[in-house]
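Student: Dumping the structure here so I can ask a few things about it.
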Amino acid sequence: MTFLWTDCSRTSNDCSIPIRHSLSTTPNTVHYYEYRSWAVGDMLLDWHGVEHGQGSVNGKRAAGSPSVWTTDDQSNNAAYHPLNRYYMQAPHSNTIVLGL
423 MTFLWTDCSR
433 TSNDCSIPIR
443 HSLSTTPNTV
453 HYYEYRSWAV
463 GDMLLDWHGV
473 EHGQGSVNGK
483 RAAGSPSVWT
493 TDDQSNNAAY
503 HPLNRYYMQA
513 PHSNTIVLGL
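Heads up, the working numbering is the position in the sequence shown plus 422, with the first residue counted as 1.
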């Protein structure tokens, strides 16, 4: 068996995955404020934290690629996102599994 090794500890794009935040479909509400701000300039999912030119919120820089909790429940006006189409309440549990 052959293993390929890449040193992901150095600052390079060898271990980065190109990403694109779909801000045009993300609601412009308080719930998404930090996500929308930190998504600006974030082009890579990697191990190196904030990217040059990535957004900030009130002077606080992003720590890396932002994420945000969403739901498909339209009654939750703050976290509802139309692209979140998968909701499952686990039986006899408070666990909720979400996915886009």
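Built from N, CA and C at the ideal position, the CB exists for glycine as well. Computed from a prediction, not measured in an experiment: that's the story for all the values here.
Would you call the region 451 to 470 in contact with the region 481 to 492, where contact means no fewer than 3 C-beta pairs closer than 8 Å?
Tutor: With a cut-off of 8 Å, the region 481 to 492 and the region 451 to 470 count as touching, because enough Cβ pairs lie within range.
Student: For chain C, find out if any of its Cβ atoms is closer than 7 Å to the Cβ of H443; answer yes or no.
Tutor: As a matter of chain content, chain C is missing from the structure shown, which is built from one protein chain.
Student: Apart from the five residues just before and just after G526, which ones in its own chain have a Cβ nearer than 7 Å to its Cβ?
Tutor: This structure gives no information on residue 526, because the portion of the chain shown stretches from 423 to 522.
Student: Assign D429 to one of two classes, buried (16 or more other C-beta atoms within 10 Å of its C-beta) or exposed (fewer than that).
Tutor: With fewer than 16 other Cβ atoms within 10 Å, it is exposed.
Student: Would you call T492 buried or exposed, if buried means 16 or more other Cβ atoms sit within 10 Å of its Cβ?
Tutor: Buried is the call here.
Student: Excluding the 5 residues flanking V453 on each side, which residues of the same chain have their C-beta closer than 7 Å to its C-beta?
Tutor: Inspection of the sequence shows that residue 453 is occupied by His rather than by Val. Cβ within range, chain order: A500, A501.
Student: Extract the residue ranges of the beta strand (DSSP E) inside the region 485 to 511, only unbroken runs of 3 or more that lie entirely within it.
Tutor: For the region 485 to 511, whole beta strand (DSSP E) runs of length 3 or above, ordered along the chain, are 508 to 511.
Student: For P440, write down the residues that DSSP places opposite it in a beta bridge.
Tutor: Answer is L466.
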